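In the UniProt record's numbering, the protein residues as written are 1 to 542.
Okay, structure first, notes after.
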């Protein structure tokens, strides 16, 4: 009997030979698995992925209808058009071995692109992307807003100096001026490891003082002029606090020694917390003069003040008429009814009738939006100042805080759906607005509304809407008569005689029920004025 040979794993030449054979066999098996996996997974992905384009002409033995309809992407999707996937797959590694394997196996792989319809490739530029993407780009550059402090402005200048190509993509910049600066006391600074104590309401033991490193308005606009040459929308926010400081326009002492930088590219100005930005006539003049091509102005105040009404009453008649087309002014934005006239409104009424001053600024505009106190005198003066042959006014949107009116008793000067004096004044405002349409021939959109967030019956908040020749909202015999004279072709979509049945649901809330389409919506399409008088005498608590 011959001796049993030693294990080949322990012999050098035999081990190398066996390892080589086993390696080639494993490689061929792995190649076979990879080929089958690539083909199978590709077909599986094409058939199962609803976003992938399907087969244009399936084989005869597999012809069947598709029950799946790919969902339509929303318009807000950053990339609303799906890009076609590459149909021709590419070998990742071992391409020669794969080709040899296919030839040895006796089959060829048909390019998958033959089964797809050719979709033209869409080239998107930055301007084609939705506004959400633009906001993300701005957020990535310098947060949501640029803090108008010396350090923040210098950091922004440094960034754009290193990324010069981005300067021309910024179209909207928002500068906000801080009105608070935390200052920690000696207890918080006694130890390097000590931190300010935070209470349950989020406050700390720090005291908040006036900011010391805010830049001037001149420095902020100079940064915009030299760094962002194509900015079209400029937002300035002055903030709000008790006894808030006004934003310093310039570091120069004399008013005649300086002027704000000229921003010729800006078309839209947004001023929030406007009382801290502009107070005197010179403040308004200096800012508006720095924007020679301004076409749209959005101005809003954080809190109702008598000084806000008085300052705007002086400025509105002298607005630049050359380029300004749209004015959006918000003087009071709490959107809640009031029991009586507040003290600040009484002070304004004793000084000037604001509605007439407001009307003097509108004839030159194309679009006008206003939130605050107003009465029928606005439309009366507007009609007197408007030339029907040259008027450009196309839309008027008014949100009423209250209607200024003479009242025999002071406590009858409130607002709300159960205040008959307010409802009568609101009706007169609508009547005068419709009457003014005889002069305002180019106006095709007129909305007058009252918003009360605390209303027990929000659908009954009075409003009037004229869009083209269609009308919605409150109506009465007087309104219908004026509408027939001013716009004979205009008509209400429906006229309802009642508010429906007012009751209390199982949750204890007041609800309105009735038959018809008028009661199936959150806002009534037809509101008869006389029904408000019946509502005022009901037992519903105000």
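Idealized CB from N, CA, C, for every residue including glycine.
Small disclaimer: the values here were computed from a predicted structure and weren't measured.
Can the beta-carbon of residue i be found less than 8 Å from the beta-carbon of residue j?
i	j	result
residue 455	residue 496	no
residue 277	residue 220	no
residue 372	residue 331	yes
residue 492	residue 467	no
residue 423	residue 339	no
residue 333	residue 300	yes
residue 358	residue 379	no
residue 283	residue 249	yes
residue 354	residue 309	yes
residue 231	residue 170	yes
residue 512	residue 453	no
residue 555	residue 440	Summary: the structure shown does not reach residue 555, with the chain confined to residues 1 through 542, and so no result is reported for it.
residue 150	residue 213	yes
residue 469	residue 490	yes
residue 218	residue 178	no
residue 447	residue 465	yes
residue 383	residue 436	yes
residue 483	residue 434	yes
residue 451	residue 335	yes
residue 166	residue 156	no
Give me the Cβ distance between residue i and residue j, rounded to the nearest whole Å; I'm assuming they're in contact under 8 Å.
i	j	result
residue 543	residue 471	With the chain running from 1 to 542 in the structure shown, residue 543 is simply not present.
residue 295	residue 324	6 Å
residue 311	residue 279	6 Å
residue 291	residue 315	That belief does not hold up - the Cβ atoms of residue 291 and residue 315 are roughly 14 Å apart, past 8 Å.
residue 426	residue 459	Not confirmed; about 16 Å, so no contact.
Could you spell out where the beta strand (DSSP E) holding residue i opens and where it closes?
i	result
residue 298	296-300
residue 328	326-330
residue 127	Taken as a continuous stretch (DSSP letters only), residue 127 belongs to no beta strand (DSSP E), as it is neither H nor E.
residue 440	Run containing residue 440: none; DSSP gives neither H nor E here.
What are the start and end residues of the alpha helix (DSSP H) that includes residue i?
i	result
residue 177	Unbroken run through residue 177: none, as it is neither H nor E.
residue 379	377-385
residue 499	That residue, residue 499, is in no alpha helix (DSSP H); it is neither H nor E in DSSP.
residue 308	306-315
residue 473	Careful: residue 473 lies outside any alpha helix (DSSP H), inside the beta strand (DSSP E) at 470-475.
residue 426	420-436
residue 403	Here residue 403 belongs to no alpha helix (DSSP H), and DSSP marks it neither H nor E.
residue 266	Residue 266 -> no alpha helix (DSSP H), and no H or E assigned at all.
residue 152	150-162
residue 357	354-359
residue 534	529-536
residue 237	Unbroken run through residue 237 is the beta strand (DSSP E), 233-237; no alpha helix (DSSP H).
residue 289	281-289
Which one of the options has the shortest CA to CA distance from residue i?
i	options	result
residue 438	447, 399, 389	389
residue 533	479, 420, 484	420
residue 319	353, 361, 340, 334	361
residue 536	307, 509, 417, 247	417
residue 168	225, 177, 322, 480	225
residue 302	285, 531, 244	244
residue 449	234, 230, 397	397
residue 270	234, 258, 414	234
residue 402	385, 395, 370	370
residue 268	149, 484, 236	236
residue 387	500, 400, 443, 260	443
residue 305	347, 285, 321	347
residue 394	381, 406, 364, 411	364
residue 159	509, 407, 451, 223	223
residue 412	127, 341, 499, 381	341
residue 247	135, 414, 146, 275	275
residue 258	239, 137, 286	286
Let me confirm a value: residue i is counted as buried when at least 16 other C-beta atoms fall within 10 Å, else exposed. Which label applies?
i	result
residue 195	Annotation note: pLDDT 49 at residue 195 (below 50); position unreliable, no value reported.
residue 343	exposed
residue 297	buried
residue 351	exposed
residue 228	buried
residue 477	exposed
residue 152	buried
residue 504	exposed
residue 161	exposed
residue 313	buried
residue 148	buried
residue 307	exposed
residue 289	exposed
residue 475	buried
residue 252	exposed
residue 481	exposed
residue 345	buried
residue 376	buried
residue 3	At residue 3 the pLDDT is 44, less than 50, meaning the model places this residue with poor confidence and gives no usable figure here.
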